[in-house]
Each structure stands twice: as structure tokens, then as C-alpha cells.
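K.L.:
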Amino acid sequence: MAKISATRFAPSPTGHLHVGGARTALFNRALARKLGDSFLVRIEDTDQARSSETATLGILEDLSWLGINWDIGPVHGKSGGDPNNIGPFYQSQRLSIYKGIVEQLLETDLAYPAFETPDQLDKMRKDARQKKVNFRYRRDKSFSRTNAIARMQREPHVIRFKMPDGPIKVTDQVLGEIVFGDEHVEDFIILKRDGFPTYHLAVVVDDAFMGIRHVLRGQEHLNNTPRQVALQKALHYATPLYYHVPLIFNQDGSKMSKRDKDKVVRSFYRETINRSEILKDLPKLLQKEVTLWEKDKNRQLSPKSLSSLADGLEVNLPEIDVEDFRKAGYLPETVCNFLSLLGFSPGKQDNTDENLERFDQKYFCENFETAKLGHSNAKFDRKKLLAFSAEDINNLTPDSFLKHWEEWAKRYEPWVFDSFGLAKCTLIASALQSRCKTLADLTSQKGPGAFIYLDDRGVVFDDKAVAKFLMKGEPSGLKILSEVRSVIANMITFNPEDVELRVQEFANEHQIGLGKVAQPLRVAVTGIAASPPLGVTLNLLGKTSVLIRIDSCLSQHLKGFSQN
RNA sequence: GUCCCCAUCGUCUAGCGGUCUAGGACUCCGCCCUUUCAAGGCGGCAACACGGGUUCGAGUCCCGUUGGGGACGCCA
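Residue numbers for the first sequence follow my numbering, beginning at 3 and rising by one.
Next comes the structure, spelled out in C-alpha cells:
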């Protein structure tokens, strides 16, 4: 047994890391730091059909991006390693260990082979359900060990653990003492037909071999705990301390899960009337996949296919995975801070009422306490996350903000820096920083910088803005615009201060308020009534573009104006 | 259906028997600042699920009801 003391995060690589998993990782690391334990990552890939190396890599990358580094485990970037020689950290590479344990259990009559096929079991479960009784697999009274061992040699089989009789007590560090009656805990499978261990066996064996003394995980595992405790007793392993934390929910109160994206697309697809037309526009391979998927509720589309279909249906996929939030332009620190608050509260310090919610992971690790963990499930509030994000982005130094944006853009919108160059992007960043809630807002078509990316002759004018700032009043905005145009045209320097100064002078000369000049100009070059300060807005576009846009605006609206 | 967990503003939560006419954060609303939009500053609305106990005293302890959630896989 390992001589170290560790906490662990043990994801199964069946897709991207989702926020619930990320939170578990965050809590485990904090617990480890608080305890002075090592923090270990282990890949639970005992499901041959669903696990993939791509998913593993994705999860490790997601953790790294969040800044969650691990001491022991798969090597990725600066994380991982095996200083105590307790690896490997992929369960698929530990098969011989589990087999040895299973043999030991078999020899000591603590486990036995079983021969029912999955179909047979399915039927047994259905029958039980129909009779409204609880199904629980227990070894037959007429069970003969010698017979079974002999049959093992020639028949496909699983190995089941002999669950001891009597209730099992679990002591949880968060929830307290919980007693599970044995009427539910069956002789569960520890070795599958394919020779792979089940989760229960692998987790118990690995935790023991890897020195895991503290197990913090989601409450969905609470009902698994008695099985694992029974197994630990049978194997004479120490039972780790358990910490079961509440779940993370969607706004509608359902559990936030990996399947949510599929669910959203499915329900939207069902309600779409012209779905056959949409289907036609998809690639042939995808068409086949969708047809199969449509018929089978339990089937899930691959992430790629799912997003293609979502595009076709024009549905927005919910953000569930860490990668989704990265793409949406959140800073990793923001995501970590927000996630840390789901099921954990920093409490009150010195009885002051100040807001203690905004903290970094250093603070979280130092102040993490079991007593500060909540007991009830938490809904994931995107609006609050967005508010945190806006605040964090605003608090960044201009330099750091630019770097974050550049890094993000390189991954998701490479055209920005490619076509505008660093100098212009620096200007854009400084103009938009306080107006952005996420990094994605910087390039969003609905974002505060949308006007920057417009074609000079393709400005789309907002009707209300045009009516209010160009058509109304005497003199009208259009008239002022046509007069101020020459002021702009005659400018030699074009920095924000000069622009503001000249426009102010113009207003003074004509004895009108600044707004009377600024708003028509703003509408002319952006199409809408809101933008960064006028000087910055015009400077960002450059004199040439500004003049083209003014002219284009005048020619589009003067016509309509004279007719009225 | 069976077992398990949970229950304070719309949401995240503070509260560990009296200091609670219940505090903070997000949302929403108002005001200030202001050439627009942001940012920033100030203020406001808003909750102890219900019913029984225990106690001099209950958001805080106990029981029940109701409600929410989880588990019941050769998934993890």
C-alpha cells in the first residue's frame, strides 16, 4: 500500500470535462492543499466502449486551462508524474492488479462467478418492476461453489461480490452518519464479462493502492458508498474519509449533465416542422447518424454531429463543458471562482458584511473547510457568472486583457489579429474592455465592437436611432452631420483627443450641445446610438472609413429626408 | 415502486437557541456621473415551505407532512 496521503480526481474519459467534474476537481485540490495531501488524477477508463484517448487528452487540457494542476497522475504540461511509484494512472493499464484481487476474493469465497446474460438480468429487473417489488441480485440458495468454478472455465461469466448481510454504516464528513439497509445492496458485479473490472472494484483497489485517504465526490455516489465500504472490509483496506458534495443543477432544476446538449437538440428537432429539409442539407454520413438517433431515445449524437445539427436547426447549445465556457470567452479564474461557490460558502469574516465571494484559488485552498460545504443542490446561474466575468475582465490591466484576448482569439477567432494586426487590436481592446462581459464579446456581432468589423458601405442603420438623431430637430442631425463632415475631412491628426476637441469646437461655434453633433456622427459611423466615446470610435475606424461611412449615411438618408 | 440526501429572498448563500424588525452576492428597479453605451458610486424591492413538539425563548434542536433531488446498469 502506498505510504502517501492523497485526494484524487478520477474522471472517466467519455467526453469533455463538464462543470460538475471541474468543481469536484477544484474541491479535491483545495482539500488536498488544506490537508497537506497530494492531489492525484486518475483516469477511470474501464468502459471500453465509451472511453477514448481523445477525451482523456481533452479533460487534462481542460483541467490545465482552469489552472488545476495535479501532483501525481498522467503527465500533462507541468502536472503529473509518479514519484512514489504507484502508477500507472489509467485503469485500463492496471488490469492485472484487479485480476489478482478478484482471484484472491474468489479463493477466499468472498466472490463468485455468475452466468446470467445481460438480457436475462434485464428481464428479471422488468419482472420485479411489474410486481412492484425491489430487485436485488443475491446468490441462489442452491448455489454450488464447486459447480460454478467448474462452469467458469467454459462459459462466459461475470464475477460478483458476496455482499455481507446486515446494514452498512457510512460516515460522511459532510452529511454525517448514514445507515443503508442491506435490502438494496446486491451482490454487485466486480468483474465484467470482458475481463474489465467495474467501477466499484477499480475504485476501491486503486484508492487503497494509491494512498487515497479522502474521497470527495458528488452526491450521486452516495448510494455507491456502502458497496465500496463492504469491499474495503472484505479486502482489509482502510475506509477513506468520504465527503459527498451537493449536485449542480440547471435553471430548470434538473441535474446538469453531459446529456443536456443532446436533450435540447432532440426536443428542438422534434418540434421542427421542416426537419426533413434541414436533414437534406446535411452531409450524407450525418444524415444516417441523425436518422438512427431520431429513432432511439438512448442514443446520443457525437459532439461534432450534434453541433452541426444544432447549427442547421439554429439552436444554441447550452454551455455545460469547461470547453464551452472557454469558447464563450470566460477567464479560467472566473470559472473557478464561480464554480467554487456552488456548494461552498466562504462565510463571514470578522462579522463584517463585505462581499467575500470574489476570491482566487489560492484563497480557496487556504480557506477551504468541510464545515463550509453546503448540503443542498445548487442551480447554475449564468447571469451571476456573466457578472463575475464582466468584473474580472474590467479589473484586468490593459496589457493582461490584450494578452487574454489574443490567446483566446488564436484559438477561436484567428482572423481578428490576422487581419487587423496587433496595433489596431490593442486599440480595440482598450476601447472595449469595460464594455465586454466576455472575451467573445470583443468580436461578437452583437457585441460593443460590432461596428468595427462592418464594411464601410454596409453599415446597418437602426430605425429608432436614425429617427431620433438624424431626422428629428431643427437643425436636423443630418444637416449637422453634413456640416461637421468638412471639419472631419480637414483634420490632419486623428487621435481621440483631437477628434473630441474639434467636435466640441464645432458645437461651440454653432452654439449647440455636444450631443447634437456627437449622436448624429455616432449613428452615421456605427448605425446605432451607442458606442465607445466619440473620439475613440472615430479614431478606431480611421479618417478614411469615417468619411466613407458619413457619406454613405448621408446619401442613404438625405433622399428619404427630403421626401418627408 | 424501494432506499438515500436536501429544504432561508427569483438564484448562490450567511446564520451553528436570545445580538434576526434575517446579512452579503447576482438579477431587477431608481438616482448620481455623462455627448451615447459601458464602467464606477449610492439607494430600493425581495426569503426562514407547512404542521406539531422541546424551550422562558426556534430560521437555528426533534418528529411529521409537503416539495425538490439522487440511486436502483456487465456507466462511472
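Note that the Cβ used here is the ideal one computed from N, Cα and C, for glycine as well.
These numbers were taken from a predicted model, which means no experiment stands behind them.
Roughly how far, in whole angstroms, is the beta-carbon of Lys260 from the beta-carbon of Gly17, given that I think they are within contact range, below 8 angstroms?
P.N.:
Confirmed, Cβ separation roughly 5 angstroms.
K.L.:
Output the distance between the C-alpha atoms of Leu434 and Tyr455, rounded to the nearest integer angstrom.
P.N.:
Approximately 13 angstroms between the Cα atoms of the pair.
K.L.:
Nearest-angstrom Cα distance between Lys282 and Phe270?
P.N.:
Cα to Cα, the separation comes out at about 17 angstroms.
K.L.:
Should Lys545 and Met473 be called a contact, given that it needs their Cβ atoms to be closer than 8 angstroms?
P.N.:
For Lys545 and Met473, no; Cβs fall outside 8 angstroms.
K.L.:
According to DSSP, what are the bridge partners of Ile161?
P.N.:
Per DSSP, Pro115 and Leu193.
K.L.:
Could you tell me the alpha carbon to alpha carbon distance between Tyr244 and Gly213, rounded to whole angstroms?
P.N.:
Their Cα atoms are separated by approximately 14 angstroms.
K.L.:
What whole-angstrom Cβ distance do Thr428 and Leu404 have, given they're in contact under 8 angstroms?
P.N.:
So it is a contact: roughly 6 angstroms between Cβ atoms.
K.L.:
At the level of alpha carbons, what is the spacing between Gly178 and Leu203?
P.N.:
In a straight line, the C-alpha of Gly178 is about 24 angstroms away from that of Leu203.
K.L.:
Mind checking which residues open and close the alpha helix (DSSP H) that includes Ile514?
P.N.:
Run containing Ile514: none; DSSP gives neither H nor E here.
K.L.:
Who are the Cβ neighbours of Thr241 in its own chain at under 7 angstroms, not counting the five residues just before and after it?
P.N.:
Excluding sequence neighbours, Thr241 sits near Val231 and Gln234.
K.L.:
Under 8 angstroms Cβ to Cβ from Gln565, same chain only, skipping five residues before and after it: list those, please.
P.N.:
In this prediction, Gln565 has a pLDDT of 43, which is less than 50 and means its spatial position is unreliable; what the coordinates show is noted afterwards. Excluding sequence neighbours, Gln565 sits near nothing in its chain.
K.L.:
Who does Ser40 pair with in a DSSP beta bridge?
P.N.:
The partner list for Ser40 (beta bridge, DSSP) reads Ala8.
K.L.:
What does the alpha-carbon distance come out to for the pair Asn396 and Ala526?
P.N.:
Cα to Cα, Asn396 sits roughly 28 angstroms from Ala526.
K.L.:
On the three-state DSSP scale, how would you describe Phe346?
P.N.:
If DSSP states are grouped into helix, strand and coil, Phe346 belongs with the strands.
K.L.:
Indicate the three-state DSSP secondary structure (helix, strand or coil) for Lys439 in the structure shown.
P.N.:
Looking at Lys439 - three-state DSSP - the assignment turns out to be coil, as it is neither helix nor strand.
K.L.:
Use the C-beta contact count for Gln106: other C-beta atoms within 10 angstroms, 16 or more gives buried, fewer gives exposed.
P.N.:
By the 10 Å Cβ count, Gln106 comes out exposed.
K.L.:
Just checking my contact of Asp189 with Arg141 at CB under 8 angstroms: how many whole Å lie between their CB atoms?
P.N.:
The pair is a contact, with the Cβ atoms about 6 angstroms apart (cut-off 8 angstroms).
K.L.:
With a threshold of 8 angstroms, are at least 3 pairs of Cβ atoms found where one atom belongs to the region 327-345 and the other to the region 384-396?
P.N.:
Yes: the two stretches touch, three or more of their Cβ pairs being nearer than 8 angstroms.
K.L.:
Can you tell me which residues form a DSSP beta bridge with Pro305?
P.N.:
Pro305 pairs with nothing; no bridge assigned.
K.L.:
Per DSSP, Leu387 forms a beta bridge with which residues?
P.N.:
Its beta-bridge partners do not exist; DSSP assigns none.
K.L.:
Any idea if Thr9 is buried or exposed, counting beta-carbon neighbours within 10 angstroms, 16 or more meaning buried?
P.N.:
Thr9 comes out buried.
K.L.:
If you drop the 5 nearest sequence neighbours on each side, which residues of the same chain put their C-beta closer than 7 angstroms to that of Leu388?
P.N.:
If we look at Leu388 and ignore the five residues flanking it on each side, its Cβ neighbours are Lys439.
K.L.:
Which residues in the same chain have their Cβ closer than 7 angstroms to the Cβ of His78, if we skip the five residues on either side of it in sequence?
P.N.:
Leu62 and Ser66, listed in sequence order.
K.L.:
I believe Val538 touches Phe508 by the beta-carbon criterion, under 8 angstroms. Please report the beta-carbon distance rounded to the nearest angstrom.
P.N.:
So it is not a contact: roughly 18 angstroms between Cβ atoms.
K.L.:
Check for me: the beta strand (DSSP E) holding Pro169 runs from which residue to which?
P.N.:
Premise fails: Pro169 is in no beta strand (DSSP E) and is neither H nor E.
K.L.:
Measuring only the C-alpha atoms, how far is Leu33 from Val206?
P.N.:
The alpha-carbon atoms of Leu33 and Val206 are separated by roughly 20 angstroms.
K.L.:
Which residues bound the beta strand (DSSP E) around Gly75?
P.N.:
Where Gly75 is concerned, the enclosing beta strand (DSSP E) stretches over Gly75 to His78.
K.L.:
Per DSSP, which one or two residues make a beta bridge with Glu179?
P.N.:
DSSP, once it has assigned bridges, lists Thr173 as partnering Glu179.
K.L.:
Roughly how many angstroms lie between the CA atoms of Tyr139 and Cys367, to the nearest whole one?
P.N.:
When rounded, the distance between both Cα atoms is 43 angstroms.
K.L.:
Nearest-angstrom Cα distance between Phe163 and Thr200?
P.N.:
Going from the Cα of Phe163 to the Cα of Thr200 covers about 11 angstroms.
K.L.:
Which residue wins for smallest C-alpha separation from Phe211, given the options Phe91, His246, Gly314 and Thr119?
P.N.:
When each option's Cα is compared against that of Phe211, the closest is Phe91.
K.L.:
Mind checking which residues open and close the alpha helix (DSSP H) that includes Ile61?
P.N.:
Looking at the DSSP string, the run of the alpha helix (DSSP H) that includes Ile61 is Glu55 to Leu68.
K.L.:
Buried or exposed for Ser436, please, with buried defined as at least 16 other CB atoms from any protein chain shown within 10 angstroms of its CB.
P.N.:
So Ser436 counts as exposed.
K.L.:
With a 10 Å radius around its C-beta and 16 neighbouring C-beta atoms as the bar for buried, classify Cys448 as buried or exposed.
P.N.:
Residue identity differs from the one stated: residue 448 is Lys in this sequence, not Cys. The residue is exposed, with fewer than 16 neighbouring Cβ atoms inside 10 Å.
K.L.:
Return the bridge partner residues of Ile214 from the DSSP annotation.
P.N.:
Partner(s): Ala8.
K.L.:
For the region 113-128 against the region 223-230, are there 3 or more C-beta pairs whose distance is under 8 angstroms?
P.N.:
No, the region 113-128 does not touch the region 223-230.
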